[in-house]
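In my numbering, each residue carries its 1-based index in the sequence shown increased by 101. Ideal Cβ placement from N, Cα and C applies to all residues, glycine included. Contents: one structure, followed by commentary.
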Amino acid sequence: MLSVDEALDRLLAAARPLTEVETVATEAALGRTLAQSQVSPIAVPPLDNSAMDGYAVRVSDLNTQGDTRLPVSQRILAGSVGVPLAPKTAARIFTGAPIPPGADAVVMQEDTTAVEDGVTVHKAVTPGAHIRRAGEDIAPGATVLSAGTRLFPQHLGLAASVGLAQLPVVRRLRVATFFTGDELVAPGMPLEPGRIYNSNRYTINGLATALGFEVVDLGTVRDDLAATMAVLARAAQCADVVITSGGVSVGEADFVKAAVERQGRLDMWRIAVKPGKPLAFGEVAGKPFIGLPGNPVSVFVTFCLFARPFLLRMQGVQQVMPAAFWVEAAFDWPRPDRRREFLRARLVRDEEPTTRVEIYPHQGSGVLTSTVWGDGLVDVPAAAPVRQGERVRFIPFAELMR
């Protein structure tokens, strides 16, 4: 069996990033992948400015042993520019306002008292106090956003802060999905004996949509080789990658495997992971094909672990692996599997100063409830028992859906 890391390496090596670029307004670039690195045309801040409300002064004018009374010669608001500061005077200044020439420090208003014709400064300051220097955040020509970055709100704010009204982004990845099985019923329809509602359709489409991809949902296909081949051909024609769940084993009613092999190629990977293990990867008419397992939790976990990084890399994203952190186990796992396990878990919200994590009591691959109850996965190495109080690796669901 392949290890999780070996399977990931193979998938990422096979990912062919999209090359088509489109330019969109910065406000419309949320969730998109930046196609070209962006440099700042300006300094941020553009001028030395005040970090607080107070008074701009010359340090040499202040009495280091007591109060200093100075006339106020000007008032500078953010968005305006003052005149050179006359010696032995102060300038009333507000947060973000440019420092007037001649001033070399700002005294916080809390350390002053306004008087009729000026201000009394109660505390001496050092040169540079409470001044934000020009270019302190960003220098002209500095790279502010790197190619391959998925753009979140803070990225858009940074782009706007240097005046970038448009951004070049990779076009959205199109993901075609379809689902096979005469037993599948759409929610809202009567559930006859022997049939089940098609939850995988909503899980896979929802995960792909949450990641910002364009989903082409081709619906449910009956258990028939010709019908399966037809939907596969249509999927490969209209999308960049094709994903389905179930139907890729060697059962007599599993037609996806045969349909893919007739129109492309298919590798069946047995991965040392639980839940999951079987994963199909191949090509149909030159488009990547991923066949996930059929059990609902296996679909969720294997999409997050394998399909997600593959799809993000195809989208042109550089950092595709989710962030994880170590927490204290609030559970025992005395009989580990020979495979690497990903347990549905959630952080314990109590008054303990140490962050702890508990697991759902039923870890079966059909218990979809566990994915709603939990807020992440505990990554348990193969054949490694866990005892309460030990540190375990925790991957938040929030990381797996961004």
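Do residue i and residue j have their C-beta atoms closer together than 7 Å?
i           : j           : result
residue 183 : residue 192 : yes
residue 105 : residue 481 : no
residue 221 : residue 168 : yes
residue 484 : residue 439 : yes
residue 194 : residue 157 : yes
residue 116 : residue 382 : no
residue 74  : residue 189 : Nothing can be reported for residue 74: it is not among the residues displayed for the chain, which extend from 102 to 503.
residue 479 : residue 456 : no
residue 445 : residue 471 : yes
residue 136 : residue 269 : yes
residue 322 : residue 340 : no
Of the residues the options, which one's Cα is nearest the Cα of residue i?
i           : options            : result
residue 121 : 434, 229, 435, 416 : 416
residue 449 : 305, 439, 441, 430 : 430
residue 218 : 202, 175, 255      : 175
residue 384 : 376, 419, 345      : 345
residue 286 : 158, 503, 216, 320 : 320
residue 103 : 379, 392, 424, 390 : 379
residue 208 : 302, 232, 420, 189 : 232
residue 443 : 314, 130, 237, 477 : 477
residue 333 : 502, 281, 245      : 281
residue 141 : 418, 264, 290      : 264
residue 187 : 404, 202, 494      : 202
residue 475 : 491, 458, 160      : 458
residue 503 : 370, 309, 257      : 309
Per DSSP, residue i is paired with what?
i           : result
residue 384 : 366, 389
residue 480 : 443, 494
residue 103 : 372
residue 150 : 199, 233
residue 318 : 278
residue 429 : 457, 492
residue 156 : 193, 208
residue 270 : 123, 135
Counting C-beta neighbours from all protein chains within 10 Å, is the total for residue i 16 or more, i.e. buried, or is it exposed?
i           : result
residue 227 : exposed
residue 353 : The predicted position of residue 353 is uncertain, since its pLDDT is 47 and thus under 50; a value taken from the coordinates is nonetheless stated next. Exposed, because fewer than 16 other Cβ atoms sit within 10 Å of the Cβ of residue 353.
residue 164 : exposed
residue 463 : exposed
residue 434 : buried
residue 145 : buried
residue 199 : buried
Task: contact_flag[the stretch 356-367, the stretch 321-335] where n(CB pairs < 8 Å) is 3 or more - done: yes
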